[in-house]
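Input: a single structure, listed below in structure tokens.
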Amino acid sequence: MSRYDLTNLEWRMISPLLPNKPRGVPRVDDRRVLNGIFWVLRSGARWRNLPERYGPYTACYNRFRRWTIARISDRLMEAITRPSDDGVTIIDGTSVRVHHLAATLRGDHQDRWLGRSRGGLTIKIHAVTDGNGLPIKITITPGNAHDLTAADELLDSRPVGAMLLADKAYDADWLRAKVKTKRSWANIPPKSNRKISLVFSPRLYKKRNLIERFFSKLKCYRRIATRYDKLGMNFLAMTKLACIRHTSRHNESTA
7 MSRYDLTNLE
17 WRMISPLLPN
27 KPRGVPRVDD
37 RRVLNGIFWV
47 LRSGARWRNL
57 PERYGPYTAC
67 YNRFRRWTIA
77 RISDRLMEAI
87 TRPSDDGVTI
97 IDGTSVRVHH
107 LAATLRGDHQ
117 DRWLGRSRGG
127 LTIKIHAVTD
137 GNGLPIKITI
147 TPGNAHDLTA
157 ADELLDSRPV
167 GAMLLADKAY
177 DADWLRAKVK
187 TKRSWANIPP
197 KSNRKISLVF
207 SPRLYKKRNL
217 IERFFSKLKC
227 YRRIATRYDK
237 LGMNFLAMTK
247 LACIRHTSRH
257 NESTA
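Numbering (my numbering), first residue to last: 7 to 261.
Okay, structure coming up:
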């Protein structure tokens with residue numbers, strides 16, 4: 007078994023959530039296909055370079071596309087990535103360089119998700135994690151978008167009463183007010199131009215580095231460290247699969 011393949015415990019968690027195919031010609035084994043997808047995700051290789059042990063690369067890619075369109079990765083993430091009950095959530099974003107071959111779609115294509123910054127063409131991953139640094143929800147924006155752009159969507163996934171940790175980029179009145187609606191408070195270092203001093207705990211803020219560690223582990227998957235997918239929805243699906251793998255491996259090691 008390859009080190010990228012699903013363990014038996016991971017397969018038992020994932021298999022009940024995959025769509026069934028009760029009729030027609032039997033399809034290629036789901037576990038073998040998933041192992042092939044995870045091989046591409048971790049290695050960063052082209053689909054055409056998929057080892058023969060995973061079957062035809064077209065079967066793996068076509069299944070990945072069908073599952074992406076059907077939002078199967080969303081279903082898996084909702085079932086496997088659940089926040090801990092330690093009362094802490096952390097929000098942040100990270101930029102990812104876009105390979106030049108992933109930037110060949112027309113400029114008006116609705117699923118392009120590209121932004122130009124000082125580092126060239128980039129896409130940005132936004133995430134909210136629990137107090138263990140495990141993902142709760144992620145989304146993407148063009149790389150030149152401000153971190154606050156995705157904050158409203160991500161904050162809806164936070165559990166009630168969980169303190170929010172974030173850096174100065176998230177110091178906005180509307181965000182602090184939104185956090186209060188869930189009976190919580192935002193421990194964010196206030197910007198220097200604020201006229202009214204706000205409560206901030208440097209000691210609690212130290213835990214914010216957990217989301218930086220999460221992004222570092224996420225980028226160990228080469229398909230995430232550099233975006234090779236032309237379609238933004240494909241890149242987002244790959245990112246969610248990496249989150250699922252990261253969480254399941256953590257749960258397995260602590261079981």
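Note that CB positions come from ideal geometry on N, CA and C, so glycine has one too.
Residues sharing a beta bridge with residue i, DSSP
i, result
"S101", "K130"
"T110", "Paired residue(s): none; T110 is not in a bridge."
"T232", "R103"
For residue j and residue i, the rounded distance between their alpha carbons
i, j, result
"K174", "I97", "11 angstroms"
"M83", "R71", "17 angstroms"
"R18", "E58", "24 angstroms"
"R48", "H115", "27 angstroms"
"R77", "N215", "30 angstroms"
"A51", "R228", "8 angstroms"
"M244", "L161", "22 angstroms"
When the options are compared against residue i, the one with the closest alpha-carbon
i, options, result
"P195", "R48, D179 and L127", "D179"
"D153", "R164, L181 and N138", "L181"
"S8", "S222, E258, S21 and G42", "G42"
"S190", "L56, G50, L204 and T95", "T95"
"I144", "N138, G137, H132 and A151", "H132"
"T74", "T232, G125, S207 and L247", "L247"
"R88", "S254, H105 and S49", "S254"
"R209", "R54, L12, H105 and L171", "L171"
"N193", "V185, T187 and F206", "F206"
Close beta carbons around residue i, own chain, < 7 angstroms, minus the five adjacent residues each side
i, result
"T155", "T147"
"L204", "P196"
Cutoff 6 angstroms; reference residue i; Cβ partners in own chain excluding five residues on either side
i, result
"W45", "Y10"
"L24", "D36"
Spatial neighbours of residue i in its chain, beta-carbon cut-off 8 angstroms, leaving aside the 5 residues before and after
i, result
"G121", "L127, T128, I129, K130, T147, P148, G149, N150 and A151"
"Y60", "R38, V39, N41, G42, W45 and C66"
"R200", "D177"
"K223", "H252"
"K213", "V94, I96, G137 and L171"
is_contact[residue i, chain D] using C-beta, thresh 7 angstroms
i, result
"N26", "No chain D appears in this structure, which consists of one protein chain only."
| Runs of beta strand (DSSP E) wholly within the stretch 130–182 (minimum 3 residues, chain order) | 141–148 and 169–171
**OP:** Starting from the N-terminal side, write out each stretch of the alpha helix (DSSP H) that is 4 residues or longer and does not extend beyond the stretch 179–212.
**Re:** 179–186 and 208–211
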